[in-house]
Structure formats: C-alpha cells, structure tokens
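Asks:
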Amino acid sequence: MKIIILAAMLGGFISLVAPSVAEGQKTLAEKLGYDADAKLLIVHADDIGVARSVNIASARAFESGGITSGSVMVPCPWFPDFAAYYREHQPLDVGIHITLTAEWDYYKWGGISPAGEIPSLLDEHGHFYSTVEEVGTHADPVEVEKEIRAQIERALALGIRPTHLDTHMGSVMAKPELVQIYLKLGREYDLPVLVISGSWLQDAPDDIRDAIAAEKPLLDGLYMMLADDPAKSWSEAYAEMLATIGPGLNQLIVHLAIDDTEMQAVTVNHPDFGSAWRQKDLDFVTSREFRDLLAAHDITLVSWDQVRKVM
Numbered sequence: 009m010k011i012i013i014l015a016a017m018l019g020g021f022i023s024l025v026a027p028s029v030a031e032g033q034k035t036l037a038e039k040l041g042y043d044a045d046a047k048l049l050i051v052h053a054d055d056i057g058v059a060r061s062v063n064i065a066s067a068r069a070f071e072s073g074g075i076t077s078g079s080v081m082v083p084c085p086w087f088p089d090f091a092a093y094y095r096e097h098q099p100l101d102v103g104i105h106i107t108l109t110a111e112w113d114y115y116k117w118g119g120i121s122p123a124g125e126i127p128s129l130l131d132e133h134g135h136f137y138s139t140v141e142e143v144g145t146h147a148d149p150v151e152v153e154k155e156i157r158a159q160i161e162r163a164l165a166l167g168i169r170p171t172h173l174d175t176h177m178g179s180v181m182a183k184p185e186l187v188q189i190y191l192k193l194g195r196e197y198d199l200p201v202l203v204i205s206g207s208w209l210q211d212a213p214d215d216i217r218d219a220i221a222a223e224k225p226l227l228d229g230l231y232m233m234l235a236d237d238p239a240k241s242w243s244e245a246y247a248e249m250l251a252t253i254g255p256g257l258n259q260l261i262v263h264l265a266i267d268d269t270e271m272q273a274v275t276v277n278h279p280d281f282g283s284a285w286r287q288k289d290l291d292f293v294t295s296r297e298f299r300d301l302l303a304a305h306d307i308t309l310v311s312w313d314q315v316r317k318v319m
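Every number in my numbering is 8 more than the matching position in the sequence shown, counting from 1.
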C-alpha cells in the first residue's frame, strides 16, 4: 500500500504551496485558538453525491465524528439526495468538489449548465471527459467559469452553504487559465480553496504562480492513500501516515462508500478508489483505532468552516 504525502513531493505530479509565517504574525493554529505548534487535521471525504452508497457512508462518518469535512459533486445524480440530508442535519462542513470529469466506465454525467453553453467540456455523448488531460486539451476557460459558477449556485439553491472549494481529480489544475478562474471564484464567494499544483506550475505565467503563492490559508500537509499494497493492512498504512503528521494545518482525504452492488457497478474495472477501497476507508475512519491513533499523536481535528471563519 503506497502512502502519498503530497506536501513532501517537490516538483512531482502534485505538490503543495505553503508560505512561511512572518515573525510576530499569528499562525493559523493560533488564530483558531490552539498552540502555535498544534497538529491540526481536517479529515475530508471526497465525492459526496456520486452515488447513494457514498452518501450513506459519508453520513455515517459525519455522525460518528470520523470525518470533519467533505465536498459534494453537484452534477452527479445523487447530489440532491445528499442535499436533503444536509438540510436536515445542519451544520455540516461541506464544500463544492468542482466537477469537470466523469471517469467511470459506464456511469456518466455532464454539466449543470445547458450542453449548448459548454460544448468544449463535453464529449461526443454529452458527458464530461474521463481524464484531466482531456479537460486541459478541450476546455474553453469561459465555459469552465460558467460551469463552476453554475455548480456553486446549484448547491446554494438546494440549501448547501459551502465552506470551501476543491476540485475532483484536480481538474481545475489542467491548465493555468483554469486555476485563475478557480482562485477568482474562491475570492468572489469568500471561500478558502484547496490548491494543488502540477509540474506545469514552473512554466506558468508569473501572475498564476503569484496568485497560488498568495492564497491563504494553505495546508502544511496533504495526505491520501494512493494505491493498494497487500503487504500491509489498511490500518497499518494509515497508522504510518498519521505518525508523520506535523504541526500546522493538514488534510487527510478519504473516499467513502458502502461496498454494495451499486458501488461495485459504478466503479467496475477501477480497483483504485473502487468500491472495496471506499469501504475500507469508511471502516477505518469510523473505528476506535483511528480515534486512538489521533490521541496518541496529539492530533486535533478541525474543519474547513473553522478555517474559513478566521480567513
């Protein structure tokens, strides 16, 4: 099982940007009411709304305290189901998982915007493209902004009060123009954005690099299970990961679902981030072992809403 610590990957596929704190300036931890060297962790469930089994699992994790945050895929068929749950269980820390791709083999979706208004985002069948690379090749930035804005407004219309923005499969990082739109909309809606940058950043225009570097608050560490390895158990791999978390604001991304026939059909031919994978993530974050590991490493759970309020 490979563990990826994104903050440590300099110049790799994914990296994080984190500015140093000037002398005399309060750290984010201090602004949140914790010691300057506190280990803060957002436990974040991606892909809410993609399927009913994901919604059930995410609700279970919220209710057990296994996650502190999550983000919704507004274009997906099961988003309204979760929005109804959200309205009945406020407050929940939920952001917008900006969706510009539809990666599964037989389960597809398009945009919130009318198809005729976002043709560059859709394949010949009227669905989002399967890969981020295709988004980078085809997407018209004007249409991307229209669709992202439509997703945010749709969530607001269904009662979601988002706490942050992030991006499904990193699709808004497909090219610099899309990053600009992402950051712009974060400022417009007064929401923190999760910034993940690819290797293209070194060749991006200065204003893009500066815009990303200026974003706040930025994570000090971003953690996610990347690939399964039968040599280790799921809990052993996560235990190793949690042991590496340092002071500052960190995020652990998990992918949750019930391993049922629905999710098996959605994720067919995709063992990574597939149905069984998501059940194991759910089992871990709702376990006593997870709580004990957090306590053993003196890790405090926080949410994006807490961060948003001190921006």
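Virtual Cβ for every residue (Gly too), placed ideally from N, Cα, C.
So asparagine 262 is in the beta strand (DSSP E); what residue range does that whole segment cover?
Replies: Reading off the sequence, residue 262 comes out as valine, not asparagine. Unbroken beta strand (DSSP E) run through valine 262: 256-263.
Asks: Tell me whether leucine 164 is buried or exposed, calling it buried when 16 or more other Cβ atoms sit within 10 Å of its Cβ.
Replies: Flag for leucine 164 reads exposed.
Asks: Taking the CB atoms as reference points, tell me whether alanine 293 and valine 62 lie closer together than 8 Å.
Replies: Note that residue 293 is valine in the sequence shown, not alanine. No, Cβ-Cβ distance for valine 293 and valine 62 is not below 8 Å.
Asks: Rounded to the nearest angstrom, what separates alanine 265 and serine 79 at their Cα positions?
Replies: Using only the alpha carbons, I get a separation of about 14 Å.
Asks: Which residue wins for smallest C-alpha separation from arginine 217, given the options Asp228, Ile64, Val203, Thr269?
Replies: Out of Asp228, Ile64, Val203, Thr269, Val203 has the C-alpha closest to the C-alpha of arginine 217.
Asks: Helix, strand or coil for methionine 233? Go by DSSP, reduced to three states.
Replies: Here methionine 233 sits in strand by DSSP.
Asks: Taking the beta strand (DSSP E) that histidine 176 falls in, what are its first and last residues?
Replies: Neither: histidine 176 is in no beta strand (DSSP E) and is coded neither H nor E.
Asks: Which first and last residues belong to the beta strand (DSSP E) in which aspartate 55 is found?
Replies: First-last of the beta strand (DSSP E) with aspartate 55: 47-56.
Asks: Would you decide whether serine 205 is buried or exposed? Buried here means 16 or more other CB atoms lie within 10 Å of its CB.
Replies: Model confidence at serine 205 stands at a pLDDT of 48, short of 50, so the residue's coordinates are unreliable and nothing is read from them.
Asks: Hey, which unbroken runs of the beta strand (DSSP E) at 3 residues or more fall wholly within the region 60-114?
Replies: You should have 77-80, 102-106.
Asks: According to DSSP, which residues form a beta bridge with valine 201?
Replies: Answer by DSSP bridge pairing, in chain order: Leu173.
Asks: Secondary structure at isoleucine 307, three-state DSSP: helix, strand or coil?
Replies: Of the three classes helix, strand and coil, the one that applies to isoleucine 307 here is strand, per DSSP.
Asks: Can valine 318 and lysine 39 be called in contact, C-beta distance under 8 Å?
Replies: Yes, they are a contact pair.
Asks: Consult DSSP for leucine 227 and reduce its assignment to one of helix, strand or coil.
Replies: Of the three classes helix, strand and coil, the one that applies to leucine 227 here is coil, per DSSP.
Asks: Is it the case that the Cβ atoms of threonine 109 and methionine 81 are separated by a distance below 8 Å?
Replies: No, they are not a contact pair.
Asks: For aspartate 228 and methionine 249, I'd like the C-alpha separation in whole angstroms.
Replies: Rounded to the nearest angstrom, the two C-alpha atoms are 14 Å apart.
Asks: How many angstroms separate the CA atom of alanine 303 from the CA atom of glycine 41?
Replies: Rounded to the nearest angstrom, the two C-alpha atoms are 19 Å apart.
Asks: Hey, would you say isoleucine 126 sits closer than 8 Å to glutamate 96, going by beta carbons?
Replies: No.
Asks: Please name the residue, chosen from Ile75, Pro149, Lys240, Tyr114, that lies closest to aspartate 101 on a Cα-to-Cα basis.
Replies: Comparing Cα-Cα distances from aspartate 101 to each of Ile75, Pro149, Lys240, Tyr114, the minimum goes to Ile75.
Asks: Where does tyrosine 42 sit, in a helix, a strand or coil, going by DSSP?
Replies: Tyrosine 42: coil per DSSP, three-state reduction.
Asks: Assuming tryptophan 86 and histidine 278 make a contact with CB atoms under 8 Å, what is their CB distance in whole Å?
Replies: Incorrect: roughly 18 Å between the Cβ atoms, too far for contact.
Asks: Tell me which residue opens and which closes the alpha helix (DSSP H) that leucine 191 is part of.
Replies: Run containing leucine 191: 184-196, per the alpha helix (DSSP H) assignment.
Asks: Can you give the Cα-Cα distance for glycine 194 and methionine 271, rounded to whole angstroms?
Replies: Their backbone Cα atoms lie some 31 Å apart in a straight line.
Asks: Roughly how many angstroms lie between the CA atoms of proline 83 and lysine 34, to the nearest whole one?
Replies: Straight-line Cα distance between these residues: approximately 39 Å.
Asks: Could you check what DSSP says for leucine 164 in three-state terms: helix, strand or coil?
Replies: If DSSP states are grouped into helix, strand and coil, leucine 164 belongs with the helices.
Asks: Check phenylalanine 281 in the structure and name its three-state DSSP category.
Replies: Correct three-state label for phenylalanine 281: coil.
Asks: In whole angstroms, give me the CA-to-CA distance for glutamine 98 and leucine 49.
Replies: Cα-Cα distance, rounded: 21 Å.
Asks: How should glutamate 244 be labelled, buried or exposed, when 16 other C-beta atoms within 10 angstroms of its C-beta is the threshold for buried?
Replies: The residue is exposed, with fewer than 16 neighbouring Cβ atoms inside 10 Å.
Asks: Round the Cβ separation of proline 184 and glycine 103 to the nearest angstrom and send it over; I've been treating them as touching at under 8 Å.
Replies: Their Cβ separation, rounded to whole angstroms, is 23 Å, which puts proline 184 and glycine 103 out of contact at 8 Å.
Asks: Compare the C-alpha of isoleucine 261 against each of Pro88, Met177, Arg60 and name the closest.
Replies: It is Met177.
Asks: Nearest to isoleucine 189 by CA position, among Glu155, Lys240, Ala92, is which residue?
Replies: The residue with the shortest Cα to Cα distance from isoleucine 189 is Glu155.
Asks: Buried or exposed for glycine 282, going by 16 or more other Cβ atoms inside 10 Å?
Replies: Under this definition glycine 282 is a buried residue.
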